[in-house]
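Chains as they are written, first to last, in the working numbering: chain A, 1 to 243; chain B, 1001 to 1154. One structure is given below, encoded as structure tokens.
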Amino acid sequence: MLEEDGLATTQISLIRIHTERIQPPRALWVPFELGRPFGVPSDPDFQKQVLAATFALFGSEHGPVLVDYPEDVPDSVSKPEPDATGMVCPIDLPTLPDPDAPKSEIGQALMKEANSLAPWYDLAVRNRARTTVGASGLSPDAAARYLAAFLEDQATPAPRDDIPAGRVLKLVYEDLKAYYTEAITAQPGSATSKQVEDWLFKETVLGKALWTLRDVCRSSNDEYHRYLGRNSIVPDRQINPST
Amino acid sequence: MARLEDLPLGERKMVQELDCSGYEGRRPWVVGPALHQRRVAIVSTAALNLRSDAVFQRDAVDYRVIPGDVDPAEVVMSHVSVNFDRTGFQQDLNVCFPLERLHELADDGTIGSVADFHYAFSGAAHPADLAESARAVAKLMKADSVDTVLLIPV
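Now the structure itself:
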């Protein structure tokens, strides 16, 4: 469409079959994981090579052009250490509530856990000079309080009224996920995105709260909550780990 | 990792069945100037917005403007999907929105210049529903003397 309006385009392709079907003028398919179209964070040389390959498609005289990028990310980025069984968080996080624990207990443990990660989150913000937490407009503490309250009582008023309550809920738990993952990745050592995700959903109270939230939303009378519960709380690879 | 066989079953099925119609027979082809003369803008579907912006709503078909001199600390993400990695974005905006890399390429003369404004959509909507916004963005980019667009999914 942009090209029809006179603008030359080139693009990254992450899902090759979509690009094959749509046939845009120029596309570079990259084998990187979804969410990382330029491959490796904090690696300007790697990113620039991908960018150069994307611009190199302007050298073709006719199209559509679909070229595969020949290089994958280094194993150190995409694969766990050979002897790694998971991430080890050096902080003593609260014990996970029993599976049948009342939702109020999950909420209390969540508040305590979020607070215990604050030093690592603060370090991450200092090191990166930025944070991605904050789309909800709430502080991490306020976000945890709202999620805890919602789990206990779904009629809890959303902390802002300028957007639908379900959208507030989504932004709140995405902010909490970002808070946790920014904190854990500030700690020494490296971890793949899958290890970070496994840690969050299997070893933290927040993970437990999100699984519970998924159940709550799936059985909700609210259409927006059911929409969230279908596929917008827990990643598909956590729900179907063997596929 | 973005290979089809690496995706979980549910996501793979969704990807395989996604409607990609509407582009049959459309083969526009704009050549543009030499690379070192191009003025480049980014269009991302990562649902990026500034902290001061309204967040993207469910099934959003509108867009947000990301200034070319934006402080990365001002950029957040309000995408609805949980099925892509966000830890890379948390560590480095450039892994999904390579604005600093573009500026470096402009500084060393590889490209001509970087647009004053860039654009973000939420990639959850069908492309056909984004047509009106895309046309509006095309006009804005031309007013910014842009001749080349880098399209980036997430």
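Virtual Cβ for every residue (Gly too), placed ideally from N, Cα, C.
Point to revise | C1096 of chain B versus A:E20, A:G39 and A:C217, residue with shortest Cα-Cα distance | key: With distances taken between Cα atoms, C1096 of chain B lies closest to A:G39.
Exercise for review: Measure the beta-carbon distance from D1122 of chain B to F1056 of chain B and round it to whole angstroms, keeping in mind my assumption that it falls under 8 Å.
Suggested key: Residue identity differs from the one stated: residue 1122 of chain B is Ser in this sequence, not Asp. Confirmed, Cβ separation roughly 4 Å.
Point to revise | C-beta neighbour in chain B for L171 of chain A, strict 8 Å | key: True, the Cβ-Cβ gap to chain B drops below 8 Å.
Review point. Measuring CA to CA, which of A:P99, A:A142, A:P188 and A:V67 is closest to P31 of chain A?
Key: Answer by Cα proximity: A:V67.
Review point. Can you list the residues of chain A that F1084 of chain B reaches, using a CB-CB cut of under 7 Å?
Key: Here the neighbours are L34 and G35.
**Study point:** Outcome for K48 of chain A when other beta-carbon atoms lying within 10 angstroms are tallied against a minimum of 16
**Key:** buried
**Study point:** Whole-angstrom distance between A149 of chain A and A53 of chain A, CA atom to CA atom
**Key:** 49 Å
Point to revise | Buried versus exposed call for N1094 of chain B [16 or more other C-beta atoms within 10 Å across all chains shown] | key: buried
Practice item. Look at the alpha carbon of G35 of chain A and the alpha carbon of L1007 of chain B, and state the distance between them as a whole number of angstroms. Key: 13 Å
Review point. Shorter than 8 Å from the beta carbon of T212 of chain A to some beta carbon of chain C?
Key: Looking for chain C here will not work: the only protein chains present are A and B.
Check your understanding: So what does DSSP say about W29 of chain A, is it helix, strand or coil?
Key -> strand
Check your understanding: Along chain B, which residues have their Cβ under 8 Å away from the Cβ of Q23 of chain A?
Key -> Close partners of Q23 of chain A in chain B (Cβ separation under 8 Å): Y1023 and R1027.
Review point. Helix, strand or coil for F127 of chain A per DSSP?
Key: A small correction: the amino acid at residue 127 of chain A is Asn; Phe does not occupy that position in the sequence shown. Helix.
Exercise for review: Spell out whether any CB of chain B is found under 8 Å from the CB atom of T185 of chain A.
Suggested key: yes
Exercise for review: Assign P157 of chain A to one of two classes, buried (16 or more other C-beta atoms within 10 Å of its C-beta) or exposed (fewer than that).
Suggested key: exposed
Review point. Using a Cβ cut-off of 9 Å, which residues of the segment 143 to 168 of chain A contact any Cβ in chain B, in chain order?
Key: D162, I163, P164, G166 and R167
Exercise for review: Look at the alpha carbon of A1120 of chain B and the alpha carbon of D1053 of chain B, and state the distance between them as a whole number of angstroms.
Suggested key: So the two alpha carbons sit approximately 12 Å from each other.
**Study point:** Sufficient close CB pairs (3 or more, under 8 Å) joining the segment 126 to 138 of chain A to the segment 175 to 183 of chain A
**Key:** yes
Review point. Which residue comes first and which comes last in the alpha helix (DSSP H) that contains Y180 of chain A?
Key: A165 to I184
Check your understanding: Helix, strand or coil: how does DSSP classify S1044 of chain B here?
Key -> DSSP places S1044 of chain B in strand when its eight states are reduced to three.
Check your understanding: Cβ of P1028 of chain B within 8 Å of Cβ of P25 of chain A?
Key -> Yes, Cβ-Cβ distance for P1028 of chain B and P25 of chain A is below 8 Å.
Review point. For V67 of chain A, which residues does DSSP report across the bridge?
Key: A:L28
Check your understanding: Is P1153 of chain B near G1022 of chain B, with beta carbons less than 8 Å apart?
Key -> Taking a C-beta distance under 8 Å as the contact criterion, P1153 of chain B and G1022 of chain B do not qualify as a contact pair.
Check your understanding: Taking 8 Å as the CB-CB limit, is I1152 of chain B close to chain A?
Key -> yes
Review point. Given a threshold of 16 other Cβ atoms within 10 Å of its Cβ, counted over all protein chains shown, does N240 of chain A qualify as buried or as exposed?
Key: It counts as exposed.
Exercise for review: Evaluate A1041 of chain B with the Cβ neighbour count: other Cβ atoms within 10 Å of its Cβ, from every protein chain shown; 16 or more gives buried, anything less gives exposed.
Suggested key: buried
**Study point:** Residues of the segment 35 to 65 of chain A whose Cβ lies closer than 9 Å to any Cβ of chain B, in chain order
**Key:** G35, R36, P37, F38, G39, V40, P41, S42, D43, P44, Q47, K48, V50, L51, A52, T54, F55, A56, F58, G59, E61, H62, G63 and P64
Review point. So what does DSSP say about V196 of chain A, is it helix, strand or coil?
Key: helix
Point to revise | Inter-residue spacing [alpha-carbon to alpha-carbon] between R21 of chain A and P64 of chain A | key: Looking at the two C-alpha atoms, the distance is approximately 11 Å.
Practice item. Would you decide whether D1059 of chain B is buried or exposed? Buried here means 16 or more other CB atoms lie within 10 Å of its CB. Key: exposed
Review point. Any idea what DSSP makes of L14 of chain A, helix, strand or coil?
Key: coil
Review point. Should S60 of chain A be counted as a contact of the ligand NAD given a C-beta to heavy atom distance under 7 Å?
Key: As for the ligand NAD, it is missing from this structure, which has no ligand bound.
Review point. Would the beta-carbon of D236 of chain A fall within 8 Å of that of G1010 of chain B?
Key: Yes, these two residues count as a Cβ contact at 8 Å.
**Study point:** Inter-residue Cα distance where the pair is V234 of chain A and K202 of chain A
**Key:** 11 Å
Practice item. Compute the beta-carbon to beta-carbon distance between P94 of chain A and K112 of chain A, rounded to the nearest angstrom, for a pair I have assumed lies under 8 Å. Key: 5 Å
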